[in-house]
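Structure record follows, encoded as structure tokens.
Number of protein chains: 4
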Amino acid sequence: MASAPTSFDPGLTQQYTGPLLRAINKDGSFNVRRRGVRSLAGSFYQHLVGLSWPRFLGLVALAYLLINLIFAAIYAALGPGALRTVDGHMGLGDFAVAFFFSVHTLTTVGYGDVYPLGMPANILAAFEAGLGLMGFALATGLLFARFSRPNAQLIFSDRMVIAPYGTGLSLQFRIANRRHNVLTDVQADMMLMTVEQDSQGKLRRNFVELKLERKKVFFLALTWTVVHPMDESSPLWGKTAADLERLQAEVLILIRGYDDSFTQVVNTRYSYRWEEIEWLARFTPAFDVAPEGHIVLDLARIGATSSVREL
Amino acid sequence: MASAPTSFDPGLTQQYTGPLLRAINKDGSFNVRRRGVRSLAGSFYQHLVGLSWPRFLGLVALAYLLINLIFAAIYAALGPGALRTVDGHMGLGDFAVAFFFSVHTLTTVGYGDVYPLGMPANILAAFEAGLGLMGFALATGLLFARFSRPNAQLIFSDRMVIAPYGTGLSLQFRIANRRHNVLTDVQADMMLMTVEQDSQGKLRRNFVELKLERKKVFFLALTWTVVHPMDESSPLWGKTAADLERLQAEVLILIRGYDDSFTQVVNTRYSYRWEEIEWLARFTPAFDVAPEGHIVLDLARIGATSSVREL
Amino acid sequence: MASAPTSFDPGLTQQYTGPLLRAINKDGSFNVRRRGVRSLAGSFYQHLVGLSWPRFLGLVALAYLLINLIFAAIYAALGPGALRTVDGHMGLGDFAVAFFFSVHTLTTVGYGDVYPLGMPANILAAFEAGLGLMGFALATGLLFARFSRPNAQLIFSDRMVIAPYGTGLSLQFRIANRRHNVLTDVQADMMLMTVEQDSQGKLRRNFVELKLERKKVFFLALTWTVVHPMDESSPLWGKTAADLERLQAEVLILIRGYDDSFTQVVNTRYSYRWEEIEWLARFTPAFDVAPEGHIVLDLARIGATSSVREL
Amino acid sequence: MASAPTSFDPGLTQQYTGPLLRAINKDGSFNVRRRGVRSLAGSFYQHLVGLSWPRFLGLVALAYLLINLIFAAIYAALGPGALRTVDGHMGLGDFAVAFFFSVHTLTTVGYGDVYPLGMPANILAAFEAGLGLMGFALATGLLFARFSRPNAQLIFSDRMVIAPYGTGLSLQFRIANRRHNVLTDVQADMMLMTVEQDSQGKLRRNFVELKLERKKVFFLALTWTVVHPMDESSPLWGKTAADLERLQAEVLILIRGYDDSFTQVVNTRYSYRWEEIEWLARFTPAFDVAPEGHIVLDLARIGATSSVREL
């Protein structure tokens with residue numbers, strides 16, 4: 060790789076010892092963990108924003124149940140005189156009365172069929188009503204943040220291909236927008252990460268940018284096949300599948316675009332390792348034309364390839 | 060088009076078979092449909108954000124009615140002992156009592172003139188009150204997202220004109236800001252999409268960027284006439300109306316600007332097909348000067364043209 | 060102005076007839092009105108976001124009063140049997156009872172001391188409670204939008220000065236950040252708008268960009284004096300105060316910066332007309348150094364100048 | 060510094076008298092105070108957004124308490140007939156009844172065990188319920204703004220080092236992302252601020268940009284060591300620790316990056332003074348490789364250095 064572009068560190072490390080996992084996971088996260096992270100309110104919030112919907116809703120339900128159980132326990136501990144009901148026991152035990160009174164208070168529904176008597180119960184209810192409002196304010200923000208985050212939008216072909224290109228070869232992957240909204244000014248960066256032994260026998264990661272035939276498209280309405288020509292200036296020039304395996308090659312990808320419906324810049328990371336590269340294949344079109352003239356994009360075919368017999 | 064700028068794919072496709080609809084619809088969407096889209100919570104939310112106001116409000120009202128009907132049916136199914144009223148039947152039937160109790164609970168208004176008795180009714184009401192708060196949190200986010208989206212802001216002339224320009228011709232369209240806020244750093248891109256048969260007789264779309272006399276204006280306070288000079292370097296050089304029809308010419312337009320009151324970048328797509336081009340015409344001013352010195356922009360005249368007799 | 064930079068239209072118009080007001084008002088708005096604007100929900104919302112606080116709060120209070128009066132009138136029209144009170148007339152007349160019941164419903168406070176009887180009153184109350192929630196969702200969004208808008212942040216010197224610069228002159232204005240947060244990557248653009256008669260005796264606006272000594276500062280922590288050197292390449296070269304008046308000169312200014320605490324790009328427009336230019340003066344420092352070593356910026360002195368006796 | 064890059068003012072001032080504190084504090088704020096700031100609603104809001112969590116929550120609790128005390132005082136002043144309880148004195152004194160009624164109203168919980176009688180109490184309660192909704196809308200916006208602000212994200216090494224670099228020296232600092240989310244397109248700017256006496260013996264601040272070996276990394280997943288080579292073109296060429304002290308050298312730093320989970324541009328300022336520079340040292344790696352192949356970044360070691368014996 061003597062005459063290849065100089066290596067640089069794109070923000071991961073070059074020096075390391077021992078085997079490493081892939082640099083970028085399939086969800087765009089990095090295989091990096093942090094120690095010494097102070098617990099930050101913002102981090103917790105971000106965690107809640109990033110959860111899957113079933114987990115998020117489960118957590119909300121659990122928190123709702125737990126908070127009411129805790130308050131119910133305190134109301135119940137204040138004794139039977141702390142809560143007065145307008146209708147005997149309402150068909151419920153003492154704890155259940157306390158629990159549902161807590162619900163009425165936390166949600167501010169406040170029917171008034173149960174109400175607090177005496178100082179301690181009233182103070183507690185005043186605190187719970189305030190807490191309920193703040194908790195609900197938090198939930199509003201969380202829901203909004205979850206929905207207004209343009210995540211998981213791009214779909215990548217499951218493999219890269221090495222396809223004929225002019226008289227040589229090229230390295231390609233294909234993306235599409237999973238959603239119906241439009242991405243504009245979509246831009247791609249591709250980097251090759253390899254592992255080599257330095258002169259002292261230590262392993263070093265090398266990072267080289269891979270030049271693209273086209274770095275940017277105006278809009279991503281259908282699919283975009285991003286192409287790196289493996290010409291003489293490429294660090295992949297003359298490399299074989301065996302070479303890439305020996306170098307533990309991983310292709311790091313960064314896609315940026317402007318999301319029209321979120322009016323935000325969207326940023327996606329992805330990577331392919333050497334074993335996810337298909338040699339001598341081409342992507343086949345992932346769309347059909349409907350009789351009425353619409354183009355129908357089939358997301359399931361985004362990674363569809365056909366092999367190429369020879370150059 | 061031998062010496063014209065090279066063709067490239069701006070994110071639509073080049074290869075296709077059979078007749079195609081226009082690439083970009085008048086609302087800025089593309090004539091592309093997706094198959095295999097997993098239902099994403101975010102997509103549903105985006106759909107609600109993108110609905111027209113009457114449809115959105117209708118949907119909210121319908122959801123409010125339906126949810127209350129469902130809860131009312133369950134409360135009613137629990138039997139007459141599940142809900143106690145302070146005042147006989149309140150002039151209502153059993154189902155109506157259950158329905159309005161559901162309303163009191165979902166909205167957290169909780170008058171207390173009806174209240175739940177026994178475990179099942181209380182649990183259901185606790186669930187409904189929590190659901191009401193989450194639903195309302197969702198509505199808050201949706202309303203905010205709907206209002207804070209800078210959409211439908213630009214108005215385009217209904218046709219392009221081919222107007223005299225220096226000693227030759229130019230292709231022009233005109234835009235204005237429909238709202239009173241100000242767009243700054245407004246930038247335009249224009250592309251020509253044509254359809255041609257390749258050497259094997261297959262149809263191919265060609266995309267060529269059209270150079271603009273001015274790509275950017277500092278602010279869009281009045282109107283902006285975007286001009287592509289049809290000089291020798293233009294793929295439109297020497298073309299006639301018949302040529303454009305044969306080539307199924309469609310001019311794709313991308314406008315970006317910074318919206319001052321939303322403090323966001325705004326991005327609009329538009330297109331004109333060959334039949335929306337008026338040959339040998341000029342745009343006439345779309346504004347008057349009021350006696351007090353104000354400029355009065357008449358949005359209805361944004362597409363007003365006068366024909367030009369000869370070059 | 061023969062060898063001066065070519066004129067261009069920055070988004071206002073060149074052609075006009077009759078006297079015109081200044082192009083940009085002191086609040087950054089343009090002297091342009093729109094005719095044929097369809098009433099857009101978004102525009103109304105933007106209007107509410109842009110109102111001053113006293114007007115906004117007044118409008119909210121008025122809407123609250125009006126909506127309750129309307130609902131009260133309908134409840135009252137349903138007759139005395141529509142609303143039942145737990146406590147006689149509660150010391151109020153029929154209409155007042157209806158009014159306060161409406162308040163209890165719209166705000167979802169729902170004490171239950173008044174509650175609806177019969178179908179019509181219950182349906183109306185169900186509608187009002189839903190409306191109250193939507194109205195409150197709207198208010199939440201409006202308050203958030205109002206607060207999270209980084210407006211009115213820059214303060215401009217009230218006049219420009221023409222100050223000595225090297226062996227010649229320069230046109231200068233000064234800005235500061237009115238708030239305690241920090242603006243970074245602040246960038247300025249300056250344009251000269253003049254009015255001249257063309258060969259057919261028609262008035263035309265000319266727009267020329269004025270080159271700046273420094274277009275950008277890393278951060279705006281104190282003041283920034285933006286300087287246009289009036290050298291030979293400047294359209295102001297050799298001009299006198301009388302020239303500028305005759306040309307109805309207006310200097311249009313566009314400032315962009317990144318607001319650290321709103322994490323948004325901020326965009327401010329301003330303009331100075333010929334009568335707001337002070338010839339042969341300099342800005343005097345607008346800050347002092349406190350004994351403890353802090354720099355104290357005095358916003359009242361942002362426009363402070365001292366006159367220069369001679370070149 | 061004769062052949063060094065020309066000095067410029069990055070937005071602080073050059074002219075000053077007397078001793079000055081450091082330009083940029085460790086929290087990224089500037090040592091600048093403002094006089095003549097009109098109290099702006101937005102500034103107050105920003106202040107609330109910027110408070111620490113304990114202070115913010117304390118303030119919210121205090122406001123909740125105070126508002127209820129004020130309303131309670133007015134209800135109590137209206138006399139015992141203004142509020143009716145369904146249950147004698149509910150085990151409370153008159154003022155306590157008024158206080159808890161205020162809570163029920165402000166939070167819209169409205170049990171109805173206490174309710175207002177007569178015009179004055181009803182009007183006051185209607186006002187308080189409206190106020191409660193607006194206050195809660197404000198709290199929702201504040202919570203959202205607090206959480207969605209990508210602050211305090213970067214961690215800087217506590218000192219800069221002057222480390223061997225090729226055959227010479229370089230000035231370095233190191234940063235890492237404190238959170239688990241990913242920053243992309245991270246860009247750094249470094250400036251040297253020195254104080255020198257001008258020809259008239261007045262002190263002047265000089266600002267010179269320091270060129271970086273690499274201005275930008277694609278993503279900040281681990282650590283980034285930002286390096287200024289102290290070569291012949293550097294204003295630090297040949298300088299000693301004593302020189303930097305005499306010049307009161309302060310290195311101003313501006314880092315920008317795109318935050319993937321907030322989908323926002325993040326902007327951080329930092330500075331090091333001469334006494335925070337360690338001569339002849341290197342940063343030691345701040346990460347280990349876990350047995351499973353993860354990289355484990357230890358934030359506590361971000362500033363870890365080892366001294367270098369000689370060049």
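Going line by line, the protein sequences match chains D, L, W and E. First residue of the first sequence? That's 60 in the working numbering, and the numbers climb one at a time after it. First residue of the second sequence? That's 60 in the working numbering, and the numbers climb one at a time after it. First residue of the third sequence? That's 60 in the working numbering, and the numbers climb one at a time after it. First residue of the fourth sequence? That's 60 in the working numbering, and the numbers climb one at a time after it. The C-beta atom is built at its ideal place from N, Cα and C for all residues, glycine as well.
CA-CA distance, Thr164 of chain D to Leu313 of chain D, rounds to 49 angstroms.
Among the residues of chain W, those whose CB is under 7 angstroms from the CB of Phe89 of chain E are Val241 and Ala280, following chain order.
At a Cβ-Cβ threshold of 9 angstroms, Gly189 of chain D and Gly140 of chain L do not count as neighbours. For Leu339 of chain L, the CB contacts under 7 angstroms within the same chain, skipping 5 residues up- and downstream, are Ile221, Ser366 and Val367 in chain order. Close to chain E, meaning a Cβ-Cβ distance shorter than 8 angstroms, is no residue of the region 259 to 272 of chain L at all.
Beta-bridge partners assigned by DSSP to Lys274 of chain W: none are found. As DSSP reads the structure, Thr284 of chain D sits in a beta bridge with D:Arg233.
Taken atom to atom, the span from the alpha-carbon of Glu268 of chain L to that of Val286 of chain D is near 20 angstroms. Taking the CA atoms as reference points, Thr166 of chain L sits about 10 angstroms from Phe160 of chain L. When the Cα atoms are used, Lys298 of chain E and Val241 of chain E turn out to be separated by approximately 37 angstroms.
Counting other Cβ atoms within 10 Å of its Cβ, Leu118 of chain E stays below 16 and is therefore classed as exposed. Any Cβ of chain E closer than 9 angstroms to the Cβ of Ile354 of chain W would place that residue at the interface, and such an atom is present.
Using a CB distance below 7 angstroms, the part of the region 302 to 322 of chain L facing chain W consists of Tyr317, Asp319, Ser320 and Thr322, ordered along the chain. DSSP, reduced to helix, strand and coil, places Asp153 of chain W within a helical segment of the structure shown. DSSP lists E:Phe266 and E:Glu309 as the beta-bridge partner residues of Met252 of chain E. Between the alpha carbons of Ala122 of chain E and Phe278 of chain E lies a gap of roughly 43 angstroms. The beta-carbon separation of Leu213 of chain D and Asn236 of chain D, rounded to 6 angstroms, stays under the 8 angstroms limit for a contact. The beta carbon of Leu271 of chain L sits closer than 7 angstroms to those of Ala247, Met249, Val285, Val286 and His287, all from its chain and outside the five residues before and after it, given in chain order. In the DSSP annotation of this structure, Glu337 of chain W is not part of any alpha helix (DSSP H); the continuous beta strand (DSSP E) holding it starts and ends at Ile336 to Trp338. Using a CB distance cut-off of 9 angstroms, Ala185 of chain L counts as an interface residue toward chain D. A Cβ-Cβ distance of about 37 angstroms is found for the pair Thr199 of chain L and Thr282 of chain D, leaving them out of contact under the 8 angstroms criterion. Residue contact with chain E for Phe158 of chain D: absent (no Cβ-Cβ distance below 9 angstroms to any residue of chain E). Under DSSP, the beta-bridge partners assigned to Asp318 of chain E are E:Leu242 and E:Gln323. Scanning the region 171 to 222 of chain E for uninterrupted alpha helix (DSSP H) segments of 4 residues or longer gives 177 to 206, listed from N- to C-terminal end. Taken atom to atom, the span from the alpha-carbon of Gly316 of chain E to that of Leu251 of chain E is near 22 angstroms. Under the three-state reduction of DSSP, Thr343 of chain W is assigned to coil, being neither helix nor strand. Bridge partners of Ala349 of chain D according to DSSP: none are assigned.
Approximately 6 angstroms separates the beta-carbon atoms of Arg218 of chain L and Gly362 of chain L; this is inside 8 angstroms, confirming the contact.
Per DSSP, the continuous beta strand (DSSP E) segment holding Val355 of chain L begins and ends at Ile354 to Asp357. Below the 8 angstroms Cβ cutoff, chain L contributes Tyr170 and Gly171 as neighbours of Gly171 of chain E, in chain order. According to the DSSP secondary-structure assignment, Phe89 of chain D is paired through a beta bridge with D:Ile83.
Between Arg94 of chain E and Leu356 of chain W, the gap from beta carbon to beta carbon is short of 9 angstroms. Following the DSSP letters along the chain, one finds Arg143 of chain D inside the beta strand (DSSP E) bounded by residues Leu142 to Thr144. Setting aside the 5 residues that flank it on each side, Asp146 of chain D is surrounded in the same chain by Asp172, each with a C-beta closer than 8 angstroms to its C-beta; the list follows chain order. Listed by position along chain D, the residues whose Cβ is nearer than 8 angstroms to that of His163 of chain E are Gly169 and Ala188. Annotated three-state conformation of Ser161 of chain E is helix, per DSSP.
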